[in-house]
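Novice:
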Amino acid sequence: PPPPSAPSLPPYFTKGSIIQLADGELKRVEDLKTEDFIQSAEISNELKIDSSTVERIDSSHTPNFAIIQFAVGEHRSQVSVEVLVEYPFFVFGQGWSSCCPERTSQLLELPCTKLSVGDVCISLTLKNLR
Amino acid sequence: NVEPRSVPVFPWHSLVPFLAPTQSD
Chain A
-10 PPPPSAPSLP PYFTKGSIIQ LADGELKRVE DLKTEDFIQS AEISNELKID SSTVERIDSS
50 HTPNFAIIQF AVGEHRSQVS VEVLVEYPFF VFGQGWSSCC PERTSQLLEL PCTKLSVGDV
110 CISLTLKNLR
Chain B
5 NVEPRSVPVF PWHSLVPFLA PTQSD
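Protein chains in written order, with this note's numbering: chain A, -10 to 119; chain B, 5 to 29.
Spelled out as structure tokens, the structure:
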């Protein structure tokens, strides 16, 4: 097992984790489809799905981390996040993708493809942000 | 007898990152 100080992903990305959609339906994390997220957001009063396009992927100074720059929403606002290279993002029409899918598969057993510049990821914002 | 372990259920939105751009008002 990794030392306690090693950063790790939250448990819900592990293959077999049970996810509850907004309508109450239960699905395994590896079985989720784009429509599940879209329909859940439609039901939600607070959350809205945004398209976030990957614009850049850079390695971080922190080992095992990457810096991903997204263009978020219709205004293509620039947002950068620093995440573990195995952190999975859900790509529209494709499924789970990460900077290092081999590591994601190894650590989480989650089937995953390589996240690339140009991929459009599902992200969330609050509906009444203004 | 072994009590059945409760399986954790996670809400769908915990899987999706919040990428809220900074509001420029």
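For every residue, glycine included, the Cβ atom is placed at its ideal position computed from N, Cα and C.
All values derive from a computational prediction rather than experimental measurement.
Cutting at 6 Å between CB atoms, please list the residues of its own chain near Glu98 (chain A), excluding the five before and the five after it.
Specialist: Here the set comprises Lys4.
Novice: For Glu19 (chain A), which residues from the same chain have a beta carbon less than 7 Å from its beta carbon, with the 5 sequence-adjacent residues on both sides left out?
Specialist: The residues are Lys4, Leu99, Pro100.
Novice: State the Cα-Cα distance for the pair Val109 (chain A) and Val43 (chain A), rounded to the nearest angstrom.
Specialist: Roughly 6 Å between the two C-alpha positions.
Novice: Helix, strand or coil for Ser29 (chain A)? Go by DSSP, reduced to three states.
Specialist: Three-state result, Ser29 (chain A): helix.
Novice: Please go through the same chain and pick out, in chain order, the residues whose beta-carbon is closer than 7 Å to the beta-carbon of Val106 (chain A), but skip the five residues on each side of it.
Specialist: The residues are Val43, Glu44, Arg45, Ile46.
Novice: CA-CA distance, Tyr76 (chain A) and Ser94 (chain A)?
Specialist: About 11 Å.
Novice: Less than 8 Å between CB atoms is the rule here; does Phe78 (chain A) satisfy it with respect to chain B?
Specialist: Phe78 (chain A) counts as touching chain B.
Novice: Rounding to the nearest angstrom, what Cα-Cα distance links Phe22 (chain B) and Arg9 (chain B) in this structure?
Specialist: Roughly 31 Å between the two C-alpha positions.
Novice: Please determine, among A:Ser49, A:Gln83, A:Leu15, the residue with the shortest C-alpha to C-alpha distance to Ser69 (chain A).
Specialist: Residue A:Ser49 is the option with its Cα nearest to Ser69 (chain A).
Novice: Taking only the alpha-carbon atoms, compute the straight-line gap between Ala120 (chain A) and Glu24 (chain A) and give it to the nearest angstrom.
Specialist: No answer is possible for residue 120 (chain A): it lies beyond the span of chain A, which begins at -10 and ends at 119.
Novice: Is any beta-carbon of chain A found at less than 8 Å from that of Ser10 (chain B)?
Specialist: Output row for Ser10 (chain B): interface = no.
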